[in-house]
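Here the sequence shown is numbered in the working numbering, starting from 601 and rising by one per residue. Have a look at the structure below, then the notes.
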Amino acid sequence: MSAPARRQDAVQNRIRIVEAARAALAESHHVHLNEIAKRAGVGQGTLYRNFPNREALLAEVYRRDAEELVTAASALLAEHEPVEALRHWLDRVIDYAEIKYGVLAVLEPAAWQDLVAHSQNPIEGALSHLLNAGKAAGSIRTDVDARGVLLLIAYLGRLDRDEWEPTARPLMNVIFEGLRRQDADRRGQQAPKTP
């Protein structure tokens with residue numbers, strides 16, 4: 601009877617380890633496993649049972665963030681109008697990209713190329729879903745596609761770490777504003793009444 605409780609505890613430990621690694625990556629690309637174990641409140645043995653090395657742990661952080669980004673698209677569309685759902689999703693992309701570049705800075709090229717290859721199509725599909733909803737609602741330009749938008753976003757990866765915080769969100773706002781249909785804004789605004 602105590603075995604299921606241990607399994608649940610093991611699942612919680614794994615979640616805490618991944619969350620601690622993500623938090624550490626948000627602060628610095630120099631991630632040490634002993635620091636992550638401490639942050640997660642687990643021993644090093646528990647950390648190594650779940651992740652045999654730093655690369656395995658960071659790859660899991662990347663995969664989890666990519667999955668959350670993909671599933672967020674439908675959830676955001678269920679809660680918001682398409683243009684606002686897209687804005688919220690792009691905000692999440694900034695957080696995802698910051699962690700992504702931290703992971704990619706640490707992993708060997710072969711490992712990160714495999715991760716990126718597996719996440720690219722699902723992320724592009726999620727963005728297409730958002731763009732198509734916005735196009736159908738008349739709030740997003742019809743002459744853009746997900747691949748083009750992702751190419752624009754990819755250039756944010758050229759920012760140095762010290763430039764990221766002050767620069768990434770303003771640039772993403774430029775991308776977002778470029779995606780919006782400007783005539784949709786004008787249609788939504790009533791002309792002032794003349795006396």
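Every residue gets a Cβ at the ideal spot worked out from N, C-alpha and C, and that includes glycine. Predicted model only: the values in this text are computed from it and were never measured.
With H, G and I counted as helix, E and B as strand and the rest as coil, what does DSSP make of residue i?
i: Arg747; result: helix
i: Arg780; result: strand
Can you name, in chain order, every residue of its own chain whose Cβ lies under 6 Å from the Cβ of residue i, other than the five neighbours on each side?
i: Val611; result: none
i: Ala737; result: Pro682
Go through its chain and collect everything with a Cβ distance to residue i's Cβ below 7 Å, but skip five positions before and after it.
i: Gly702; result: Leu625, His629
Would residue i be called buried (16 or more neighbouring beta carbons within 10 Å of its own) or exposed?
i: Tyr696; result: buried
i: Ile797; result: Residue 797 lies beyond the stretch modelled for the chain, which goes from 601 to 795, so this question has no answer here.
i: Leu751; result: exposed
i: Val774; result: exposed
i: Asp760; result: exposed
i: His837; result: For residue 837 there is no data in the structure shown, the boundaries of the chain being 601 and 795.
What are the partner residues of residue i, as DSSP defines its beta bridges?
i: Ile636; result: None, per the DSSP bridge assignment.
i: Ile617; result: None, per the DSSP bridge assignment.
i: Ile740; result: Arg780
So, for residue i: in the same chain, excluding its five sequence neighbours on each side, which residues have a beta-carbon less than 8 Å away from its beta-carbon?
i: Ala710; result: none
Which ranges does the alpha helix (DSSP H) cover as unbroken runs of at least 4 residues, wholly within the region 644-711, from first to last along the chain? Runs found: 644-650, 654-679, 682-706.
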